[in-house]
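S.K.:
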Amino acid sequence: MISSILPTYNRAPLSFVSGEGSWLEAKDGRRFLDMGAGIAVNALGHANPDLVAALTQQAGKIWHLSNLYEIPEQTALADALVANTFADTVFFTNSGTEACELAVKMVRKYWFDKGQPERIKILTFSGAFHGRSSAAIAAVGTEKMTKGFGPLLPGFEQLEFGDHDALTKAMQDPTVAAVIIEPVQGEGGIRTVPDQCLKGLRDLCDETGALLVADEVQCGVGRTGKLFAHEWSGISPDIMMVAKGIGGGFPLGAVLATETAASGMVAGTHGSTYGGNPLGCAVGLKVLQTIAEPAFLDEVNRKAGLLRQKLEGLVAAHPDVFEEVRGSGLMLGLKTKPGAAKVVQAGYDAGIMVVPAAQEVVRLLPALNITDEDINEALARLDQAARAVAAA
Ligand SMILES: *Cc1c(COP(=O)(O)O)cnc(C)c1O
């Protein structure tokens with residue numbers, strides 16, 4: 023008989039009842055060090071007092087308002103995002119995949135309004151992940167994501183990650199409307215796009231007019247030690263998808279865009295009942311105000327250095343289990359030899375949560391305010407897990 027919850031996930035038999043900072047407590051009383059943070063969502067840890075205050079204060083005022091009216095919390099968060107990024111304008115969603123939907127619509131409408139409706143093609147890269155909606159699975163195009171869900175939304179072409187020649191050639195197609203890229207691939211196995219490559223891609227887009235869309239759903243909001251990951255390369259996109267960390271655990275996403283890229287999205291062209299609701303935006307503003315502080319980002323970079331250095335030591339100590347450390351900031355991956363699933367399971371047994379990704383990589387995406395003490399504890403537990411895997 024089918025379970026009451028649609029069985030689309032292979033869930034671990036772990037059930038959690040409460041959390042604090044980087045720690046989660048299971049029903050049976052066991053405590054786990056959470057190095058996944060809900061896949062980069064709990065950016066400021068569990069039950070963060072500032073976020074609890076922002077949420078509960080707003081909960082006592084207004085929960086929901088239709089976007090038929092002005093929502094002051096939404097305006098405040100949009101203003102703060104515009105002040106801190108390349109963007110001139112923001113649309114709020116409830117998730118990353120909804121941000122992808124709007125990004126695709128925005129790109130198509132831009133070219134339609136410019137009198138070039140044939141420019142519909144959007145380029146993406148192998149290993150990418152942009153969500154689970156019809157547009158997002160068509161964008162990625164892999165059999166794993168799309169099989170049985172056809173017919174797929176047309177107009178996407180996937181290129182090999184890192185194949186510059188293929189990219190240069192594909193960009194010569196006059197129907198290319200945009201390129202969507204994650205500056206650091208998450209699901210794809212923590213693969214960082216080198217700064218040079220992002221710059222080169224920006225140049226190619228400038229030459230052809232194609233819009234550059236950054237998917238920073240996982241790598242954004244302080245994760246790599248800058249507010250947004252593309253900032254490391256000095257370039258900016260035309261459109262950016264954001265979600266995960268921006269809500270600190272409250273479902274919140276956004277599309278940020280320049281005025282030019284957003285020019286087609288006039289009144290009546292898009293909408294969302296819940297997008298930009300007061301609860302999410304009140305929490306999101308507190309998240310952004312905290313993370314955008316230069317002193318906070320300095321600390322993320324310092325802790326990232328500490329964690330990375332310790333992980334290098336872990337890899338050196340367990341050459342049969344780990345191959346390398348990869349990633350940027352507090353978005354790190356360990357390439358495993360016996361397979362990610364074994365390491366994740368051994369982690370559970372050792373009381374630490376890490377997240378599997380493609381290429382047999384396990385991801386470490388801790389809360390950005392993780393303490394040095396918890397980083398040390400994480401390494402002790404990962405060492406214990408690695409010993410168990412090596413002994414098995
Ligand atoms: C998680 C993720 C998405 C999809 O976000 P949802 O909120 O799950 O819809 C899109 N892009 C990237 C890079 C992601 O990591």
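So the working numbering is basically just the index in the sequence shown, starting at one, shifted up by 22. Here a beta-carbon is modelled for each residue, glycine too, at the ideal position from N, C-alpha and C.
Grouping DSSP H, G and I as helix and E and B as strand, with all else coil, what is K357?
M.R.: strand
S.K.: Taking the alpha helix (DSSP H) that M128 falls in, what are its first and last residues?
M.R.: G118 to D135
S.K.: What first and last residue would you give for the beta strand (DSSP E) that runs through E42?
M.R.: Here the beta strand (DSSP E) through E42 covers F38 to E42.
S.K.: What did DSSP end up calling L234 once you bin it into helix, strand or coil?
M.R.: strand
S.K.: To which residues of the same chain is T295 closer than 8 Å at the C-beta, ignoring the five residues directly before and after it?
M.R.: S88 and N89
S.K.: Less than 8 Å between the C-beta atoms of P360 and V384, yes or no?
M.R.: no
S.K.: DSSP three-state label for S155, please.
M.R.: Three-state DSSP puts S155 in coil, outside helix and strand.
S.K.: Out of Q194, L223 and E209, point me to the one whose CA is closest to V239's CA.
M.R.: E209
S.K.: Cβ of E345 within 7 Å of any heavy atom in ligand 1?
M.R.: Outside the cutoff, so no.
S.K.: Select from G327, G149, Q96 and L36 the residue whose C-alpha is nearest the C-alpha of I392.
M.R.: Per the Cα distances, G327.
S.K.: Between V264 and ligand 1, is the CB less than 7 Å from at least one heavy atom?
M.R.: no
S.K.: Any idea what DSSP makes of W45, helix, strand or coil?
M.R.: In this structure, W45 counts as strand in the three-state DSSP scheme.
S.K.: Just list the residues that DSSP pairs L386 with in beta bridges.
M.R.: L354
S.K.: Can we count R224 as close to ligand 1, meaning its CB is less than 7 Å from some heavy atom?
M.R.: no
S.K.: Specify the secondary structure class of F344 as computed by DSSP and reduced to three states.
M.R.: strand
S.K.: Answer yes or no: do K136 and T291 have a C-beta to C-beta separation smaller than 8 Å?
M.R.: no
S.K.: Between which two residues does the alpha helix (DSSP H) holding P196 run?
M.R.: Element bounds for P196: n/a, residue is neither H nor E.
S.K.: Output the distance between the C-alpha atoms of I397 and G271, rounded to the nearest integer angstrom.
M.R.: The alpha-carbon atoms of I397 and G271 are separated by roughly 21 Å.
S.K.: So which of V39, V112 and N323 has the shortest CA-CA distance to A283?
M.R.: Closest option to A283, Cα to Cα, is V112.
S.K.: Going by DSSP, what residues sit across from F147 in a beta bridge?
M.R.: L181
S.K.: Could you tell me the distance, in whole angstroms, from the CA atom of D181 to the CA atom of A276?
M.R.: Looking at the sequence itself, residue 181 is Leu, so the reference to Asp does not match. Going by the C-alpha atoms only, they are around 26 Å apart.
S.K.: Let me know the secondary structure DSSP gives I268 once reduced to three states.
M.R.: In this structure, I268 counts as helix in the three-state DSSP scheme.
S.K.: Do you know how far the Cα of F114 is from the Cα of K308?
M.R.: 16 Å
S.K.: Is G60 buried or exposed, if buried means 16 or more other CB atoms sit within 10 Å of its CB?
M.R.: The residue is buried, with at least 16 neighbouring Cβ atoms inside 10 Å.
S.K.: Could you tell me whether the Cβ atoms of V129 and V288 are closer together than 8 Å?
M.R.: no
S.K.: Taking its Cβ as the centre, do 16 or more other Cβ atoms sit within 10 Å of M23, making it buried, or is it exposed?
M.R.: Taking a 10 Å sphere around the C-beta of M23, we find fewer than 16 other C-beta atoms and assign the residue as exposed.
S.K.: Ordered along the chain, which non-local residues of its own chain (more than five positions away) have a Cβ less than 8 Å from that of D72?
M.R.: Answer for D72: L66, K308 and T312, listed in chain order.
S.K.: Name the one or two DSSP bridge partners that P378 has.
M.R.: Its beta-bridge partners are V384.
S.K.: Just grab the DSSP bridge partners of F114 for me.
M.R.: F114 is bridged by DSSP to A276.
S.K.: Output the distance between the C-alpha atoms of D225 and V198, rounded to the nearest integer angstrom.
M.R.: 15 Å
S.K.: Nearest to V411 by alpha carbon, out of G369, V377 and A379?
M.R.: G369
S.K.: Please work out which residues of its chain come closer than 8 Å, Cβ to Cβ, to V63, disregarding the five sequence neighbours upstream and downstream, and give them in chain order.
M.R.: K266, G267, G269, G270 and G271
S.K.: So what's M23 in DSSP terms, helix, strand or just coil?
M.R.: coil
S.K.: Is Q240 near ligand 1 - that is, is its Cβ less than 7 Å away from at least one heavy atom of it?
M.R.: yes
S.K.: Within a Cβ cutoff of 8 Å, which residues of the same chain sit near A338, ignoring the five residues on either side of it in sequence?
M.R.: none
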